[in-house]
Every structure is written in C-alpha cells, then in structure tokens.
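If you count the sequence shown from 1, you need to add 633 to reach our numbering.
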Amino acid sequence: MPVDKRYLVYLASNSLGLDLERYEVQRQLARHGMINVGFACREDAGPYDWNLVRSQIESADLFILLLGDDYGPMAPTGISYLHREFVHAKSLNKPTLAFIKNTLPEKNLTEDQRRLAGFHRIVAQQSPYKLWHLREELMSHVRASLSSSMLVLGPGWVPAGAGKVAEMPIAAEPAKETAEPLSARQRLARSRQVVNLQIAAKVYQGGNLSQEEVLLPVRLDQLLQGVMPLLKNGASEDRLRAQLEGVVAGTVKSQLLKRNTQAHAVDDIRISRGQFQQILRQWQSLGFVTVSGEGVRALWKALADVAKA
C-alpha cells in the first residue's frame with residue numbers, strides 16, 4: 634500500500650473479555666497506516682447509536698469482525714448489534730476480515746451460545762475468516778492478514794500536504810461554451826420526469842434478517858418538495874438524503890411488509906448514494922438548487938425563486 638496513504642478500519646466486537654485483544658489489533662492497524670473508527674458494543678454504556686455506527690461503517694475502507702465468547706447485546710429486532718453491523722458492512726460490499734474465537738462446546742449449548750454458533754456459520758459463509766483460541770494465535774492471524782498482498786481495501790485518503798512537490802503551474806483549459814438555457818416549457822417537462830428511486834432496506838422475518846430492494850417511481854419535482862424544508866436554509870448531501878429516506882420510509886415499509894407476509898419489522902431504509910447524487914445534479918441543471926463548497930463541506934441550497942414557490 635502507498636506509504637503516505639491512510640485507511641479507515643471499522644473494528645467491530647463486543648467488549649466483554651476482549652479489551653486486550655482489541656488493543657493489540659489496534660496496535661497492528663496503526664503499524665499498517667490504518668486508523669480504527671469502530672467501537673465495542675457494551676451493555677453498560679448509553680443507548681446504542683445506530684446512526685453513528687452506520688456512518689462509521691460506511692466511511693471505512695475495511696471492516697474487521699472480532700468474535701469472542703458471547704453473542705453480545707441484542708437489538709429489538711432479535712439479532713445482536715454486532716451481527717447487525719456485520720450485515721450492514723456486507724450489504725455495502727465492504728472488504729471484510731473475520732476472526733472467530735473457537736471455544737464453543739459441541740453440545741449442551743446455552744441460548745446465547747446457540748445464537749453465537751449460528752452467527753459463526755453466517756460469517757463463515759459470507760466472509761474470509763480465521764479461527765483463534767489464544768491471543769497469540771489471534772495476533773499471528775491479524776499480522777498475516779494485514780500484510781497479505783491479497784488484502785483488498787477501500788480507496789483510503791492522503792493526509793493534507795502529504796507528498797506535495799513543487800510543480801510548474803498548469804495552463805488553464807479553454808473555457809467551454811455555455812449550454813443554451815432551458816425554456817420554461819422544457820424546464821417544466823423535465824421537472825416532471827419520473828425517477829425509479831432505488832431503495833434498500835433490511836427486513837426481519839422469523840429471527841432472520843435479509844436485505845431487500847424496492848423501486849419506487851417518483852417525479853423529480855415531488856422529490857424536490859420532500860427536501861425543500863432543508864434546502865431553504867442549505868444542507869449537506871447526507872442530511873438531504875436522510876430527509877428523503879424519512880419521507881419515503883412509510884411507503885417502503887408498507888410495500889415490503891406486504892411482499893413478506895411473515896416479516897415483523899423493516900428498518901435501515903437507504904437510498905442509493907450514487908443515484909441521489911445524480912438527482913442533485915439534475916436539480917442543479919434545471920436551476921432548482923445551487924451548491925457551494927466541495928466534498929463533505931458542500932452545501933446545497935434552493936435558489937430564491939424556487940424556495941418561494
């Protein structure tokens with residue numbers, strides 16, 4: 634990996650009995666230019682903040698699952714928070730490594746051990762994994778996995794100012810011709826274009842969790858109205874997308890519960906980031922919104938005449 638690059642890693646585990654193991658794994662991550670952005674699930678801490686956990690997993694270049702002796706604190710949906718984090722990482726196709734402690738008895742399992750054994754089977758089916766028993770064995774697996782030429786990582790990031798060298802100024806490109814402005818009729822017609830919104834959600838049924846997708850046809854101008862309260866004062870892309878997800882949540886839940894008659898819950902409703910970015914650009918090309926700043930600091934705002942409409 635490039636010497637000047639850094640990678641964000643979500644180290645997922647419970648806290649019970651794994652303090653030293655987490656510490657040692659984080660030391661190895663630091664040696665490889667990686668920074669842990671995850672935190673251990675605890676029953677004795679404050680309420681579990683799924684929105685924060687989800688955003689940390691989404692920003693990570695690698696997801697590492699560290700399993701110990703217990704299944705962990707349970708979510709209302711019937712699976713542990715740790716299990717839920719693993720499912721979310723896999724739904725995003727995040728590069729994943731798993732290290733499973735191999736200490737379960739062969740028979741007379743407790744209810745928690747049965748849940749943990751089931752989780753072991755799911756992880757083994759869906760992710761590269763290593764079994765460990767002693768801490769030294771775990772660390773040997775971690776070192777080998779992080780040093781492997783086969784390890785796949787996300788794009789990573791370069792610290793500000795890293796690798797800068799003096800360069801000759803690059804000549805500016807010739808200005809491109811400005812496209813002809815749309816007529817009022819063209820603008821109205823394009824604003825009524827129907828978009829098949831790609832929405833993913835998690836469905837809980839009979840103790841199992843599945844990732845399902847829904848295509849929701851919505852007009853472009855109707856989508857705009859759904860986020861207009863935020864656009865009037867300006868908002869980030871993430872806030873706008875979360876607002877739109879809240880607007881469509883009721884419809885999506887209704888459709889998925891009708892499709893899955895045995896399901897008891899639907900949550901984590903997400904609109905494709907790539908599609909939402911395309912929608913933002915369409916609004917911008919139609920003169921509905923403007924943007925200032927770049928990257929995570931970009932602020933989207935409705936143009937004055939649109940905000941008053």
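Idealized CB from N, CA, C, for every residue including glycine.
Check your understanding: So what does DSSP say about I904, is it helix, strand or coil?
Key -> Residue numbering aside, residue 904 sits at position 271 when the sequence shown is read from its first letter. It is a strand residue.
Check your understanding: Just the Cα atoms here: how many angstroms apart are V922 and D871?
Key -> Indexing the sequence shown from 1 puts residue 922 at position 289. Indexing the sequence shown from 1 puts residue 871 at position 238. Taking the straight line from one Cα to the other gives about 16 Å.
Practice item. In angstroms with no decimal places, state the Cα-to-Cα distance between T729 and V785. Key: Position 96 of the sequence shown, counted from the start, is the residue given in the question as residue 729. Position 152 of the sequence shown, counted from the start, is the residue given in the question as residue 785. Looking at the two C-alpha atoms, the distance is approximately 9 Å.
Review point. Does DSSP put H665 in a helix, a strand or coil?
Key: In the sequence shown, residue 665 corresponds to position 32, counting from 1. Correct three-state label for H665: coil.
Exercise for review: In the DSSP assignment, find the unbroken beta strand (DSSP E) run with S760 in it and report its ends.
Suggested key: Here residue 760 refers to the residue found at position 127 of the sequence shown. It is not in any beta strand (DSSP E) - S760 carries neither H nor E in the DSSP assignment.
Exercise for review: Taking 9 Å as the cut-off, decide whether the C-beta atoms of I697 and V642 are in contact.
Suggested key: Here the question's residue 697 lines up with position 64 in the sequence shown. Here the question's residue 642 lines up with position 9 in the sequence shown. It is a contact, given that the beta carbons lie within the stated cut-off.
Review point. From this set, H716, Q910, W790, V847, which residue's C-alpha is nearest R874's C-alpha?
Key: Along the sequence shown, read from residue 1 onward, the residue named residue 874 stands at position 241. Residue Q910 is the option with its Cα nearest to R874.
Exercise for review: Using the Cα positions of A722 and D682, report the straight-line distance between them to the nearest angstrom.
Suggested key: In the sequence shown, counting from the first residue as 1, residue 722 sits at position 89. In the sequence shown, counting from the first residue as 1, residue 682 sits at position 49. Distance between the alpha carbons of A722 and D682: 16 Å.
Review point. Are the stretch 663-682 and the stretch 755-771 in contact at 8 Å, needing three or more beta carbon pairs?
Key: no
Check your understanding: If L651 sits next to L699, beta carbons under 8 Å apart, how far is it from one beta carbon to the other, in whole angstroms?
Key -> The residue given as residue 651 occupies position 18 in the sequence shown. The residue given as residue 699 occupies position 66 in the sequence shown. About 6 Å separates the two Cβ atoms, so the contact holds.
Check your understanding: Three or more C-beta pairs closer than 8 Å, one from the stretch 830-842 and one from the stretch 880-897: is that the case here?
Key -> yes
Check your understanding: Is the stretch 742-752 in contact with the stretch 702-711, if contact means three or more CB pairs nearer than 8 Å?
Key -> yes
Check your understanding: Is Q943 helix, strand or coil when you go by DSSP?
Key -> Any property of residue 943 remains undetermined from this structure, which presents the chain solely from 634 to 942.
**Study point:** Backbone CA spacing between G666 and Y640 [nearest angstrom]
**Key:** Position 33 of the sequence shown, counted from the first residue, corresponds to residue 666. Position 7 of the sequence shown, counted from the first residue, corresponds to residue 640. Distance between the alpha carbons of G666 and Y640 is about 7 Å.
Exercise for review: Could you pull out every residue in the same chain whose Cβ sits closer than 6 Å to the Cβ of Q838, ignoring the five residues on either side in sequence?
Suggested key: Stepping through the sequence shown from its first residue, residue 838 is reached at position 205. Cβ within range, chain order: N893, Q895, A896.
Practice item. Report, in whole angstroms, the separation of the C-beta atoms of R768 and L653, which I expect to be a contact under 8 Å. Key: By one-based count along the sequence shown, residue 768 stands at place 135. By one-based count along the sequence shown, residue 653 stands at place 20. About 7 Å separates the two Cβ atoms, so the contact holds.
Review point. Mapping DSSP to helix, strand and coil, what is T743?
Key: The count along the sequence shown starts at 1 and reaches residue 743 at position 110. The answer is coil: DSSP assigns T743 none of H, G, I, E or B.
Review point. In chain order, what residues of the same chain have a beta carbon less than 6 Å from the beta carbon of T710, not counting five sequence neighbours either side?
Key: The residue you call residue 710 lines up with position 77 of the sequence shown. These residues qualify, in order along the chain: Y837, A898.
Exercise for review: Starting from P980, follow its DSSP beta bridges and name the residues at the other end.
Suggested key: An answer regarding residue 980 cannot be provided, because it is not within the stretch 634 to 942 covered by the chain.
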